[in-house]
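My numbering applies: residue 2 is where the sequence shown begins, and numbers increase by one. Ideal Cβ positions, reconstructed from N, Cα and C, are used throughout, including at glycine. What you are looking at is a predicted structure, and each value in this text was computed from that prediction instead of being measured. Below you'll find the structure, written out as structure tokens, and then a few comments.
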Amino acid sequence: YGSMAGLVKRNPAFSELNAEDIRYFEGILGEKNVIQDDERLMTANTDWMRKYKGSSKLMLLPKSTEEVSQILKYCNSRCLAVVPQGGNTGLVGGSVPVFDEVIINLSSMNNIISFDKVSGILVCEAGCILENLIAFLDNEGFIMPLDLGAKGSCQIGGNISTNAGGLRLLRYGSLHGTVLGLEAVLANGNVLDILGTLRKDNTGYDLKHLFIGSEGSLGIVTKVSILTPPKLSSVNVAFLACKDYDSCQRLLQDAKRKLGEILSAFEFLDSQAMDLVLHHLEGVRNPLPPSRHNFYLLIETTGSDESNDKQKLEAFLLRSLENGLISDGVLAQDINQASSFWRIREGIPEALLKAGAVYKYDLSIPVEKMYNLVEEMQDRLGNVAKTVAYGHLGDGNLHLNVSSPQYDDKILAQIEPFVYEWTSKYRGSISAEHGLGLMKANEILYSKSVETVQLMASIKKLLDPREILNPYKVLPQSLISAC
Ligand code: FAD
Ligand code: S2G
Ligand code: ZN
2 YGSMAGLVKR
12 NPAFSELNAE
22 DIRYFEGILG
32 EKNVIQDDER
42 LMTANTDWMR
52 KYKGSSKLML
62 LPKSTEEVSQ
72 ILKYCNSRCL
82 AVVPQGGNTG
92 LVGGSVPVFD
102 EVIINLSSMN
112 NIISFDKVSG
122 ILVCEAGCIL
132 ENLIAFLDNE
142 GFIMPLDLGA
152 KGSCQIGGNI
162 STNAGGLRLL
172 RYGSLHGTVL
182 GLEAVLANGN
192 VLDILGTLRK
202 DNTGYDLKHL
212 FIGSEGSLGI
222 VTKVSILTPP
232 KLSSVNVAFL
242 ACKDYDSCQR
252 LLQDAKRKLG
262 EILSAFEFLD
272 SQAMDLVLHH
282 LEGVRNPLPP
292 SRHNFYLLIE
302 TTGSDESNDK
312 QKLEAFLLRS
322 LENGLISDGV
332 LAQDINQASS
342 FWRIREGIPE
352 ALLKAGAVYK
362 YDLSIPVEKM
372 YNLVEEMQDR
382 LGNVAKTVAY
392 GHLGDGNLHL
402 NVSSPQYDDK
412 ILAQIEPFVY
422 EWTSKYRGSI
432 SAEHGLGLMK
442 ANEILYSKSV
452 ETVQLMASIK
462 KLLDPREILN
472 PYKVLPQSLI
482 SAC
């Protein structure tokens, strides 16, 4: 879809990069960490969906907090805008430049600093890839409290900066609960060390929460301390089919009661999502005999007693079949089958990308209403595009995606502002877990009051007075410059 520069104007207060800047950065980082190569810049300028494309001429690869501090201190003094970048898997245009912002990529800061096997507290650098942390902890008998389809590329610093939700939030909660502390570098180069590893610390304002979900607009997260749960021995995964959405949401209520403490994930996808995955992903098949199933559920339980947990889940499935809440279901017999069920759910974004243009909406909506929006959206679109619905039903988080062979402004006009107005009418959130980025910076008032956003803008102004950190993102430009 190319550059979004048409939607925003480059801030004339920002300087343009010059040869002296490059020399300075090479002096502190070494030439090989100052990237001007077109190929690598092309990748770093383009988001995962290939929907947002910046025109940065420079990517920096700092190896330490000290180097990040020197970079920001210099950029702040030169009024050079920057965009912090982790794994670049963000889906709202937040991780790539809009114009020529300098890209500060954290990939080289990927060391594990400490792990306490008694408390399960991990301290690591922000550039650690989520999948690598999962593997490290697996050896120690622990797991990460979050898991998402982008685990192979996304970094813990990016997860924190987007307050990523993911597939395990239902059981382990949000990063606002599991992150115990962090280290961040502010726009002026000051290093904020709130890298505490205490479960309880009530000494003053808990400032780490400002950075969790701030999408690189308040500072660059350089280190993290996070509480990791022990890895439990019995994990069971069931793949179920329901004849209607009402059954799905009633099953969720049942699962919370009847599976209770062992429930660890409750994901849903509709038949359009299933069709896309089967059509676009190699080697993926529907574990249930195709029939008039309209909805699929993936339920995972995690506990410490294999026989008890399996028996509990089997009894739950049997009861759900008898009372008609599910029309079919299969319990994974081994880890491979469990992974094949997860592959269906986690593969949907990739299948959507292969299907053509995608319009992504990540919404928190009251569970009982959720599918009404999907049906109304499909009515509005008719046959010019397809609605695809899936998501973390357990968290009331709908991923409503509209798929069409090519991008078309007329389709967008059918979706926006309708989808935001609808969500706002039900007091939902126009961004459940992906953040606002560039895509929704001007839509925040559908979910937050003007006074609230004005306070956010004044905090932004306090921490980043020259607005060099990830400009044009998260908050409406008008409100920031009005401060
Ligand atoms: P990036 O995309 O590089 O950056 C994201 C934002 O954080 C940008 O605004 C960037 O400026 C900022 N940032 C990055 N690193 C730092 C840092 N160290 N300090 C300050 N700011 C920083 N998201 C979910 O919440 N739940 C899901 O289930 C989920 N599933 C996904 C599945 C797929 C296949 C894909 C492609 C994406 C998915 N996402 C999901 C979205 C994305 O993976 C998350 O937002 C993730 O947390 C981004 O991490 P990242 O390291 O790629 O960050
Ligand atoms: C998920 C991924 C992004 C999307 O799969 O849970 O967060 O909306 C999403 O395709
Ligand atoms: Zn998600």
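Please indicate yes or no: does the CB of residue i lie closer than 6 Å to some heavy atom of the ligand S2G?
i	result
His281	no
Lys387	no
Lys361	yes
Pro350	yes
Determine the direct distance from the alpha carbon of residue j to that of residue i, and round the result to whole angstroms.
i	j	result
Pro466	Gln455	15 Å
Lys54	Leu8	13 Å
Tyr206	Glu126	24 Å
Ala45	Asp329	45 Å
Ala333	Arg320	18 Å
Leu464	Leu219	6 Å
Asp276	Tyr427	29 Å
Tyr421	Thr66	39 Å
Leu59	Val103	5 Å
Glu184	Val225	6 Å
Ile416	Val97	24 Å
Asn337	Gln312	20 Å
Leu314	Cys155	32 Å
Asp310	Ser56	53 Å
Gly158	Leu18	26 Å
Pro418	Lys257	34 Å
Ile469	Ile36	20 Å
Thr453	Pro477	12 Å
Thr223	Ser16	25 Å
Gly3	Leu253	Model confidence at Gly3 stands at a pLDDT of 43, short of 50, so the residue's coordinates are unreliable and nothing is read from them.
Arg346	Phe269	8 Å
Leu399	Ala266	14 Å
Leu107	Leu61	9 Å
Asp380	Asn373	11 Å
Ser341	Ala136	19 Å
Pro459	Ser482	Checking the sequence, you will find Ser at residue 459 rather than Pro. Spanning the two alpha carbons is a distance of roughly 10 Å.
Could you check if residue i belongs to the surroundings of the ligand FAD, using beta carbon to heavy atom distance under 6 Å?
i	result
Glu262	no
Gly429	no
Gln493	Limits of the chain in this structure are 2 at one end and 484 at the other, which puts residue 493 out of reach.
Ile221	yes
Glu216	yes
Gln86	yes
Thr90	yes
Thr47	no
Thr163	yes
Ser328	no
Leu183	no
Ser96	yes
Leu107	yes
Asn160	yes
Ala127	yes
Asn471	yes
Ala151	yes
Across which residues does DSSP place residue i in a beta bridge pair?
i	result
Leu264	Thr302
Gln1	The chain is shown from 2 up to 484; residue 1 falls before or after that span and cannot be answered.
Pro231	Phe143
Gly60	According to the sequence displayed, residue 60 carries Met and not Gly. Answer is Ile36 and Ile104.
Tyr297	Ala242 and Leu270
Tyr362	Leu401
Phe116	Leu123
Ile195	Leu183
Gln486	Residue numbering for the chain in the displayed model covers 2 to 484; residue 486 lies beyond these limits and cannot be assessed.
Val225	Cys125 and Leu183
Asn237	Thr302
Thr47	Lys54
Ser248	None; Ser248 has no bridge partner.
Leu470	Val83
Residue i CB to nearest chain C CB: under 7 Å?
i	result
Gly357	In summary, chain C is missing from the structure at hand, where a single protein chain is found.
> Of all residues in the structure, which have a C-beta closer than 7 Å to any heavy atom of the ligand ZN, taken in chain order?
Replying inline: Checking every Cβ against the heavy atoms of the ligand ZN under 7 Å gives Leu149, Gly166, Gly167, Asp363, Gly392, His393, Asn398, His400 and Glu434.
>> Would you call the segment 434 to 443 in contact with the segment 86 to 94, where contact means no fewer than 3 C-beta pairs closer than 8 Å?
In response: The segment 434 to 443, when compared against the segment 86 to 94, does touch it at the 8 Å Cβ threshold.
> For the segment 272 to 287 against the segment 345 to 360, are there 3 or more C-beta pairs whose distance is under 8 Å?
Replying inline: Short answer: they touch.
> Are the segment 145 to 153 and the segment 161 to 180 touching by the rule of at least three beta carbon pairs closer than 8 Å?
Replying inline: These segments touch.
>> Using 8 Å as the cut-off, can you tell me whether the segment 303 to 313 makes contact with the segment 239 to 253, which would need three or more C-beta pairs spanning the two stretches below that distance?
In response: They do not touch, by the three-pair rule.
> Taking contact to mean at least 3 C-beta pairs separated by less than 8 Å, is the segment 60 to 76 in contact with the segment 400 to 412?
Replying inline: A contact between stretches requires three or more CB pairs, one per stretch, nearer than 8 Å, and the segment 60 to 76 fails this requirement with the segment 400 to 412.
> Are three or more beta carbon pairs between the segment 68 to 85 and the segment 188 to 197 nearer than 8 Å?
Replying inline: The segment 68 to 85 makes contact with the segment 188 to 197; the number of CB pairs closer than 8 Å reaches 3 or more.
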